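Under the working numbering, think of the first position of the sequence shown as 247, with each following residue one higher. What follows is a set of notes on a single structure, which appears directly below.
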Amino acid sequence: MVDELLFGNISFCDVLRGFILNGLKEFGLFSQINKFSTMEFQELIKKRQSVRKYTSQLVEKGKIEKLISAVHLSPSACNSQPWKLIIVDEPELKNQVAKATFSKTIAFNKFAVEAPVIAVLVIEKAKLIAQIGGSLKNQEYPYYDIGIAAAHFCLQAAELGLGTCMIGWFDEKRIKQLLKIPEKRKIGLLITLGYAPEDYKLRQKIRKPVSEICGFNKY
Ligand SMILES: Cc1cc2nc3c(=O)[nH]c(=O)nc-3n(C[C@H](O)[C@H](O)[C@H](O)COP(=O)(O)O)c2cc1C
247 MVDELLFGNI SFCDVLRGFI LNGLKEFGLF SQINKFSTME FQELIKKRQS VRKYTSQLVE
307 KGKIEKLISA VHLSPSACNS QPWKLIIVDE PELKNQVAKA TFSKTIAFNK FAVEAPVIAV
367 LVIEKAKLIA QIGGSLKNQE YPYYDIGIAA AHFCLQAAEL GLGTCMIGWF DEKRIKQLLK
427 IPEKRKIGLL ITLGYAPEDY KLRQKIRKPV SEICGFNKY
């Protein structure tokens with residue numbers, strides 16, 4: 247810490263925080279605090295699930311603002327932020343957007359009509375540096391970026407007691423028309439948002455075994 251101080255890249259607050267954390271460590275409290283915050287995030291991850299039933303309760307403006315902030319602060323390749331978040335909460339327009347996620351034959355997204363809000367994540371053009379990097383590395387960074395932004399949105403919503411469901415099956419042309427999205431843009435995802443009924447159960451997560459999705463030091 248003395249070295250860092252000498253190099254002048256550390257503020258008074260950092261020094262103060264260092265002393266406080268060292269003090270907590272001395273008294274064995276630091277590990278408790280760490281354990282607590284890790285637990286909380288795991289609980290939030292488990293609490294987030296796709297909600298496919300909604301009450302008519304409207305979403306408070308303050309909560310919408312927090313969700314917008316979660317997307318706003320989301321990371322992206324080269325900090326490109328290649329997204330535009332459209333909050334659709336005007337009831338008639340929202341219903342029309344919801345109806346563009348299902349048809350008579352493919353109706354699994356019918357629940358979208360119940361949600362009082364639908365968020366639409368449009369993929370914007372990435373910064374030139376991200377475009378060059380992506381094409382050199384054969385990667386479509388904006389798709390990752392939009393996924394991370396969507397995850398921020400859904401986890402923030404869960405923390406606020408709200409339900410979400412990401413929707414990747416929709417009539418893109420129709421939604422572009424409804425929301426006046428330029429023809430050349432691509433819609434990444436829709437996210438339904440609202441309150442789940444009180445008796446809506448937290449489901450057991452169905453996932454592949456950990457051994458199948460994670461390796462240590464090799465594939
Ligand atoms: C990119 C993407 C697209 C999805 N599209 C749909 C969809 O169109 N309709 C739907 O009901 N769920 C959709 N889902 C939700 C997934 O089915 C769900 O996340 C998955 O089954 C895991 O369940 P959980 O979210 O409850 O943990 C989508 C999820 C993602 C990430």
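Cβ atoms here follow ideal geometry from the backbone N, Cα and C, with glycine treated the same way. As the structure is a prediction and not an experimental result, all values here were calculated from the model.
Can you tell me where the alpha helix (DSSP H) holding residue i begins and where it ends?
i             : result
cysteine 473  : Outside the displayed span of the chain (247 to 465) sits residue 473, for which this structure offers no information.
leucine 367   : Where leucine 367 is concerned, there is no enclosing alpha helix (DSSP H), although the beta strand (DSSP E) it sits in stretches over 363-369.
glycine 424   : Sequence inspection shows leucine at residue 424; the glycine mentioned does not correspond to that position. Element bounds for leucine 424: 418-425.
serine 302    : Per DSSP, serine 302 belongs to no alpha helix (DSSP H) and is neither H nor E.
serine 315    : 307-318
glutamine 377 : 374-382
Kindly examine ligand 1 and report whether one of its heavy atoms sits closer than 8 Å to the Cβ of residue i.
i              : result
serine 296     : yes
leucine 435    : yes
threonine 351  : no
isoleucine 204 : Here the chain has residues from 247 to 465 only, and residue 204 is not among them.
cysteine 324   : no
arginine 449   : yes
glycine 440    : no
tryptophan 329 : no
glycine 393    : yes
alanine 396    : yes
threonine 347  : yes
isoleucine 413 : yes
asparagine 384 : no
Throw me the rounded Cβ distance for the residue i and residue j pair, which I believe falls under 8 Å.
i              : j                 : result
arginine 294   : cysteine 400      : 6 Å
leucine 367    : leucine 331       : 6 Å
alanine 372    : serine 326        : 4 Å
asparagine 355 : phenylalanine 348 : 4 Å
valine 305     : proline 362       : 6 Å
lysine 299     : lysine 451        : Contact doesn't hold; Cβ gap of about 18 Å is too wide.
isoleucine 369 : glycine 434       : 5 Å
cysteine 411   : valine 297        : 6 Å
threonine 427  : valine 343        : Here residue 427 turns out to be isoleucine, not threonine, going by the sequence shown. About 11 Å; that fails the 8 Å criterion.
leucine 374    : lysine 309        : With a Cβ gap of about 36 Å, leucine 374 and lysine 309 do not count as contacting.
Taking residue i as part of the beta strand (DSSP E), name the residues at either end of that continuous run.
i              : result
alanine 409    : The residue you asked about is not alanine; residue 409 is glycine in the sequence shown. Here the beta strand (DSSP E) through glycine 409 covers 409-413.
isoleucine 437 : 432-440
Quick check for students: name the residue ranges of the beta strand (DSSP E) that lie wholly in the region 325-349, counting only runs of 3 or more. 329-334
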